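In this note's numbering, the protein residues as written are 113 to 579.
The following block contains the structure:
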């Protein structure tokens, strides 16, 4: 996926990746009244046989629908890229919707007089995997860049009201030979921005966020009871298995960078976390940190240690509960270990619904697993999306404002030049094509050396620090 391939929370009948995780269970569910599917072909085109849904904070969701239809000749082109919604009706009259775009549709066989199909639904942000570019953004913040990417690609179902941090403009930020998905995810992961999805019938919204204030309880599920036996209180939504996990993390994160405009500035930024266990004070050091002011470095160091802290205490469980929604908080009640009765943020969910007796009164079996962290801990996405590297050097052409005398070098006071890269299709071939690039000189020092200034139209060789 564009957010970086990560371990699936669940795999088959086993939750993979961590021995502390629980195994989801199936059981006949009496708190599901009805499950329906609506799509571009209408609400009666398909009957649902099963639905499997997974979602994690900061990553695209995925839903797999096993379907049957009286029509054995469905044109897949009428479904691909269009909304498909699973609506679950609960006995109390409430509904949960899961809506996505049909990314893949298959005809898998037949059952008597009906045809069998499988559809995979994803959020619109997954469609960003289908396009790639080489592009330069200048003097725009991370949020400004996300806005521009989404709007340029004609996606508008997103909400940035949950982003409350201040993000400095980036002098130069490049998308280079990478998908739009990888670019926006690595940009968000760099600054600790993440997202979850809000569903209504027929559409979903990408909710961007960066703080505790972005999360609230799902309506009607501020408190969720714990019952240790899954057969207990089956008509009441509850958590029946709870596993607490704690693992060692780094105690300090230090960043360092260098700004040519302030060569004597010691741009070191650190943030510490207090751990009581042995070796919990070990430091992680990173250079270059990706900043040129102390305040930006301090902000990034905080994000880096929070990316570690939110992995220290994790909780895994199973539940009969539709209020465990990614990005929502809840309070656990009734656990025999008193310190577990606290507030949590749902980080991941993985559930399945299977339908039997489609032609008679439907019966539903339901299985659900989830992962949570303490609500008091700031979640941050891991940096999973790779950053492209430019091996070696590239050539570019020196540019200047329109009308600049080509015989006179166009530079700033430090003898830097601007260039147009051959891969930059959006560049205007003038002073707006790039930031100022320092020019390498044969020799230089205080009061001695030589200098060469390239002229407009000259082809120059450009090297990239650290690729």
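All C-beta atoms, glycine included, are put in the ideal place defined by N, C-alpha and C. Every value quoted in this text rests on a predicted model; they were computed, and no experiment measured them.
Roughly how far, in whole angstroms, is the beta-carbon of residue i from the beta-carbon of residue j, given that I think they are within contact range, below 8 Å?
i: residue 180; j: residue 159; result: 5 Å
i: residue 239; j: residue 289; result: 19 Å between Cβ atoms; not a contact.
i: residue 385; j: residue 359; result: The pair is not a contact, with the Cβ atoms about 13 Å apart (cut-off 8 Å).
i: residue 493; j: residue 169; result: 7 Å
i: residue 578; j: residue 375; result: So it is not a contact: roughly 18 Å between Cβ atoms.
i: residue 432; j: residue 350; result: 6 Å
i: residue 536; j: residue 545; result: 7 Å
i: residue 436; j: residue 491; result: With a Cβ gap of about 15 Å, residue 436 and residue 491 do not count as contacting.
i: residue 167; j: residue 438; result: 5 Å
i: residue 464; j: residue 162; result: 7 Å
i: residue 297; j: residue 497; result: 4 Å
i: residue 429; j: residue 354; result: 5 Å
i: residue 218; j: residue 230; result: 5 Å
i: residue 102; j: residue 369; result: The structure shown has nothing for residue 102, since the chain only spans 113 to 579.
i: residue 266; j: residue 434; result: Incorrect: roughly 32 Å between the Cβ atoms, too far for contact.
i: residue 202; j: residue 145; result: 6 Å
i: residue 534; j: residue 556; result: In fact, because the Cβ distance is near 28 Å, the residues do not count as touching under 8 Å.
So which of the options has the shortest CA-CA distance to residue i?
i: residue 173; options: 496, 233, 556; result: 233
i: residue 220; options: 213, 228, 214; result: 228
i: residue 462; options: 195, 210, 390, 157; result: 210
i: residue 223; options: 183, 413, 388, 502; result: 183
i: residue 414; options: 369, 382, 449; result: 382
i: residue 502; options: 387, 473, 576, 312; result: 576
i: residue 410; options: 512, 313, 367, 424; result: 367
i: residue 388; options: 398, 353, 424, 369; result: 424
i: residue 570; options: 217, 532, 558, 250; result: 532
i: residue 337; options: 445, 396, 285, 298; result: 445
i: residue 236; options: 396, 324, 194, 250; result: 194
i: residue 440; options: 499, 458, 447; result: 458
i: residue 213; options: 157, 150, 226, 225; result: 150
i: residue 582; options: 312, 487, 452; result: With the chain covering only 113 through 579, there is no way to say anything about residue 582.
i: residue 331; options: 144, 395, 206, 306; result: 206
i: residue 303; options: 553, 145, 412; result: 412
i: residue 552; options: 563, 407, 559; result: 563
i: residue 489; options: 515, 455, 500, 408; result: 455
i: residue 500; options: 299, 144, 187; result: 299
i: residue 188; options: 171, 204, 396, 157; result: 157
i: residue 596; options: 460, 453, 561; result: Since the first residue shown for the chain is 113 and the last is 579, residue 596 is missing from the structure and cannot be characterised.
i: residue 281; options: 250, 538, 390; result: 250
i: residue 406; options: 396, 377, 390; result: 377
i: residue 185; options: 316, 339, 226, 171; result: 226
i: residue 581; options: 380, 390, 329, 315; result: Summary: the structure shown does not reach residue 581, with the chain confined to residues 113 through 579, and so no result is reported for it.
i: residue 242; options: 293, 313, 329, 311; result: 293
i: residue 305; options: 152, 495, 315, 448; result: 495
i: residue 485; options: 152, 327, 314, 315; result: 327
i: residue 460; options: 152, 171, 143; result: 171
Within 7 Å of any Cβ in chain C, is that where the Cβ of residue i sits?
i: residue 485; result: No chain C is present in this structure, which holds just one protein chain.
Would you check if the distance between the CB atom of residue i and the CB atom of residue j is smaller than 7 Å?
i: residue 523; j: residue 567; result: no
i: residue 200; j: residue 275; result: no
i: residue 295; j: residue 301; result: no
i: residue 547; j: residue 178; result: no
i: residue 279; j: residue 248; result: no
i: residue 175; j: residue 165; result: yes
i: residue 511; j: residue 542; result: yes
i: residue 244; j: residue 197; result: no
i: residue 477; j: residue 466; result: yes
i: residue 357; j: residue 426; result: yes
i: residue 518; j: residue 550; result: no
i: residue 574; j: residue 506; result: yes
*Every unbroken beta strand (DSSP E) inside the stretch 318-354 [3 residues or more]*: Runs of the beta strand (DSSP E) lying entirely within the stretch 318-354 and spanning at least 3 residues, in chain order: 335-337.
*Secondary structure, beta strand (DSSP E): runs of 3+ residues fully inside the stretch 455-493*: DSSP assignment within the stretch 455-493 yields the following whole beta strand (DSSP E) runs of 3 residues or more, N-terminal first: 455-468, 475-486.
inquiry  = Just to confirm the assignment: which complete alpha helix (DSSP H) runs, minimum length 4, are found wholly within the stretch 144-196?
reply    = Fully enclosed alpha helix (DSSP H) runs of 4 or longer: not present.
Practice item. Determine contact between the stretch 262-274 and the stretch 315-325, defined as no fewer than three beta-carbon pairs at a distance below 8 Å. Key: Because the criterion of three Cβ pairs below 8 Å is met, the stretch 262-274 and the stretch 315-325 touch.
- [ ] Give, in chain order, every unbroken run of the alpha helix (DSSP H) that is at least 4 residues long and sits entirely within the stretch 237-288.
- [x] List check, alpha helix (DSSP H) in window: 254-264.
Does the pairing of the stretch 407-427 with the stretch 362-372 give three or more beta-carbon distances under 8 Å?
Three or more pairs of CB atoms, one per stretch, sit closer than 8 Å, so the stretch 407-427 contacts the stretch 362-372.
Practice prompt. Give, in chain order, every unbroken run of the alpha helix (DSSP H) that is at least 4 residues long and sits entirely within the stretch 364-407.
Written response: Those alpha helix (DSSP H) runs which fall completely within the stretch 364-407 and span 4+ residues do not exist here.
request  = Please specify which runs of the beta strand (DSSP E), each continuous and at least 3 residues long, are wholly inside the stretch 523-574, giving them in chain order.
outcome  = You should have 530-533.
- Can you check the stretch 413-461 for any beta strand (DSSP E) of at least 3 residues that lies completely inside it and give the ranges in chain order? Runs found: 425-432, 441-445.
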